[in-house]
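Colleague: This is the structure I want to talk about, given as structure tokens.
2 protein chains.
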Amino acid sequence: MRVSELVRRTGTPLATIKFYLREGLLPAGRATAATQADYTEDHVRRVAVIRALSEVAGLPLAKIREILAVIDEPGEDLFAALGRAVGALPPYRREPADELPRAQAAVERLGMQWDPAYPAAAQLEHALAAAEAAGLPPSGERLDAYGVAIGAIAEYDIAAMPPAAGSAVEYAVLGTALYEPVLLALRRIAHQDRARRLLRDPGAAGNPDG
Amino acid sequence: MRVSELVRRTGTPLATIKFYLREGLLPAGRATAATQADYTEDHVRRVAVIRALSEVAGLPLAKIREILAVIDEPGEDLFAALGRAVGALPPYRREPADELPRAQAAVERLGMQWDPAYPAAAQLEHALAAAEAAGLPPSGERLDAYGVAIGAIAEYDIAAMPPAAGSAVEYAVLGTALYEPVLLALRRIAHQDRARRLLRDPGAAGNPDG
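So, in structure tokens, the structure goes:
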């Protein structure tokens, strides 16, 4: 397809597409004339990935480049590739955490295997320390409830991961960046739903038709 | 306690405490002399709440003020107070969504009652539209899996809410702002745990000791 068709298909301004080409985020099309190139479905897909990472997830260009490189060359070890790609997503901690006592205790309690060097480890430690500082450290019971529910979500996510390595990396990155806001919004709406049942319609608790 | 003790107890610099006092976020202590005032446990608690909202959740002062006003005067209708307070948390949408087709369909599928004017409604619509634009709209199966798990989390959260109205509002606001990062970090670690079982130790799948 012509670049005009790529613009139309992706809903992305020509200037943005040219910027992606110039920055090497989007591979050049196959040249068909001195000033014309032919683009494929792979280009359509790649533009969608770049826009999701930059405009929705707010990643800087360097991090997008890092992730695209893993999608393009995941290498032999898919588990390591997934970690590298998802590890390039925000939030970015300024200082790596040397000690992770709260995260360590939580992850052990939930019986999960983890790599403390994985960015999510410091992210969890920081989040738990903040909750503690505000006087709301998680009880063991709360951690267990969250662990079971989040475990079910993660199991669904991993079971639905496509088998081809490049597609798996792309799915993991987009599924993390794009579905985190979905899950948080759903939780807020579920809070409203449950609080309404408790405070407004206590008689209807447990009865979705109530 | 003297202000020096408040500084020590909250780990907050004196300049910051003075700023909170000047801005009216922190009520003045009881004057004990021309230049001295007496502070209570309520002040310790309030400083922790302000810091969690400003430094962890990144709220602007005006929004913190809004939330503190609801904590201090929740009024007769606790359900409405919870909505006002949690609705003052980020993310802040620039434009309110007039139509919420994706969110509407998702919430109906999950059998939840909602108020489309609640900020989380536009947040869900925006998040689902972004996933769709990136070619990853949620399947019904994915929505169902997420809905069950998030529903269990929300039920735990609401069941553990303290009964007194002011405390309930404070709990709802801090539980939302502080536990969203915890849940996201846990999901990333759970992904790593499940991916490791699938890709590295397939024989150990389902066996936490494997």
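If you read the sequences in order, they're chains A and B. For the first sequence, the tail end lands on 210 under this note's numbering, and the numbers increase by one without skipping. For the second sequence, the tail end lands on 420 under this note's numbering, and the numbers increase by one without skipping. Glycine included, C-beta positions come from ideal geometry on N, C-alpha and C. Since the model is a prediction, treat every value here as computed from it, not as a measurement.
#1: Could you spell out where the alpha helix (DSSP H) holding B/T222 opens and where it closes?
#2: Please state if the CB of A/E180 and the CB of B/L394 are separated by a distance shorter than 7 Å.
#3: Tell me, please, whether the segment 330-341 of chain B touches the segment 148-166 of chain A by the rule of three or more beta-carbon pairs shorter than 8 Å.
#4: Expressed to the nearest angstrom, what Euclidean distance is found between the alpha-carbon atoms of B/W324 and A/M112?
#5: Could you have a look at B/A344 and say whether DSSP puts it in helix, strand or coil?
#6: At what residues does the alpha helix (DSSP H) containing B/T245 begin and finish?
#7: Buried or exposed for A/L14, please, with buried defined as at least 16 other CB atoms from any protein chain shown within 10 angstroms of its CB.
#8: Once the 5 residues before and after A/V44 are set aside, which same chain residues still bring their CB inside 7 Å of it?
#9: Less than 7 Å between C-beta atoms, sequence neighbours within five positions excluded: which residues of the same chain meet that for A/A31?
#10: So, with DSSP's three-state summary, where would you put B/E318?
#11: Output, in chain order, the set of chain A residues within a Cβ distance shorter than 7 Å of B/L236.
#12: Determine the contact status of A/G135 and B/A258, defining contact as a CB-CB distance below 7 Å.
#13: Cβ of B/L408 within 7 Å of Cβ of A/I150?
#14: Taking a contact to mean a Cβ-Cβ separation below 7 Å, would you say B/I277 touches B/Y230 in this structure?
#15: What number of angstroms, rounded off, separates the C-alpha of A/P191 from the C-alpha of A/R84?
#16: Tell me which residues share the same chain as B/D308 and place their Cβ nearer than 8 Å to its Cβ, disregarding the 5 neighbours each side in the sequence.
#17: For B/Y452, count neighbouring Cβ atoms within 10 angstroms of its own Cβ and tell me buried if that reaches 16, exposed if not.
#18: Around the Cβ of B/T222, are there at least 16 other Cβ atoms within 10 angstroms (buried) or fewer (exposed)?
#19: Measure the C-alpha to C-alpha separation of A/V148 and A/V107 and round it to an integer number of angstroms.
#20: By how many angstroms is the C-alpha of A/I189 removed from the C-alpha of B/A327?
#21: When we look at the beta-carbon of B/R404 and count the other beta-carbons within 10 Å, is it buried (16 or more) or exposed?
#22: CA-CA distance, A/P202 and A/Q104?
#23: Would you mind telling me which residues of chain A sit closer than 9 Å to B/E365, beta carbon to beta carbon, in chain order?
#24: Under a CB-based cut-off of 7 Å, is B/Q314 close to chain A?
#25: Given this structure, state the Cα-to-Cα distance separating B/R406 from B/Y249, to the nearest angstrom.
#26: Assign B/G350 to buried or exposed, taking buried as 16 or more other Cβ atoms, counted over all protein chains shown, within 10 Å of its Cβ.
#27: With burial defined as no fewer than 16 other Cβ atoms inside 10 Å of the residue's Cβ, what is the status of B/G385: buried or exposed?
#28: Please list the terminal residues of the continuous alpha helix (DSSP H) segment that includes B/Q323.
#29: Going by DSSP, what residues sit across from A/R30 in a beta bridge?
#30: Going along the chain, which residues of the segment 273-305 of chain B sit with their C-beta nearer than 7 Å to a C-beta in chain A?
#31: Under a CB-based cut-off of 7 Å, is B/R218 close to chain A?
#32: Can a CB atom of chain A be found closer than 7 Å to the CB of B/A415?
#33: According to a CB-to-CB cut-off of less than 8 Å, which residues of the segment 173-188 of chain A neighbour chain B?
#34: Residues of chain B with a CB under 7 Å from the CB of A/I158: which are they?
#35: Compute the beta-carbon to beta-carbon distance between B/E335 and B/R319, rounded to the nearest angstrom, for a pair I have assumed lies under 8 Å.
Modeller: This is what the structure holds:
#1: Neither: B/T222 is in no alpha helix (DSSP H) and is coded neither H nor E.
#2: In contact: B/L394 and A/E180 (Cβ atoms closer than 7 Å).
#3: The segment 330-341 of chain B makes no contact with the segment 148-166 of chain A: fewer than 3 CB pairs, one atom from each, lie closer than 8 Å.
#4: Looking at the two C-alpha atoms, the distance is approximately 35 Å.
#5: Residue state, collapsed to three classes: coil.
#6: Note, B/T245: premise wrong, no alpha helix (DSSP H); not H, not E.
#7: Label assigned to A/L14: exposed.
#8: Correct list, in chain order: L6, R9, T10.
#9: These residues qualify, in order along the chain: A37.
#10: In the three-state reduction of the DSSP assignment, B/E318 falls in the helix class.
#11: Within 7 Å Cβ-Cβ: nothing; B/L236 doesn't reach chain A, min ~15 Å.
#12: Against a cut-off of 7 Å, the Cβ pair of B/A258 and A/G135 comes out as a contact.
#13: Contact: no.
#14: Using a Cβ distance threshold of 7 Å, B/I277 and B/Y230 do not count as a contacting pair.
#15: Note that residue 191 of chain A is His in the sequence shown here, rather than Pro. So the two alpha carbons sit approximately 34 Å from each other.
#16: So no residue of the chain qualifies.
#17: Because chain B spans 211 through 420 in this model, residue 452 of chain B falls outside it and cannot be assessed.
#18: Burial check for B/T222: the Cβ neighbour count within 10 Å reaches 16 or more, so the residue is buried.
#19: If you take the alpha carbons of A/V148 and A/V107, they lie about 12 Å apart.
#20: One alpha carbon belongs to B/A327, the other to A/I189, and they sit about 11 Å apart.
#21: By the 10 Å Cβ count, B/R404 comes out buried.
#22: Roughly 39 Å between the two C-alpha positions.
#23: Residues of chain A whose Cβ lies closer than 9 Å to the Cβ of B/E365 are, in chain order, A145, A190, R194.
#24: Not an interface residue.
#25: Between B/R406 and B/Y249, the C-alpha separation is close to 52 Å.
#26: Taking every protein chain shown into account, the CB of B/G350 has fewer than 16 other CB atoms within 10 angstroms, so this residue is exposed.
#27: It is buried - the Cβ of B/G385 has at least 16 other Cβ atoms within 10 Å.
#28: B/Q323 -> no alpha helix (DSSP H), and no H or E assigned at all.
#29: Residue pairing by DSSP places A/R30 opposite A/D38 in a beta bridge.
#30: Cβ contacts with chain A come from L288, F289, L292, G293, V296.
#31: Answer no: the Cβ-Cβ gap between B/R218 and chain A never drops below 7 Å.
#32: Model confidence at B/A415 stands at a pLDDT of 47, short of 50, so the residue's coordinates are unreliable; what they give is reported in the following sentence. With respect to chain A, the C-beta atom of B/A415 has no partner C-beta closer than 7 Å.
#33: Shown in chain order are the members of the segment 173-188 of chain A whose Cβ falls below 8 Å from a Cβ of chain B: L174, G175, T176, L178, Y179, E180, P181, V182, L183, L184, A185, L186, R187, R188.
#34: The answer, in chain order, is H401, R404, A405, L408.
#35: Contact between B/E335 and B/R319 is absent: CB atoms are separated by about 14 Å, not below the 8 Å threshold.
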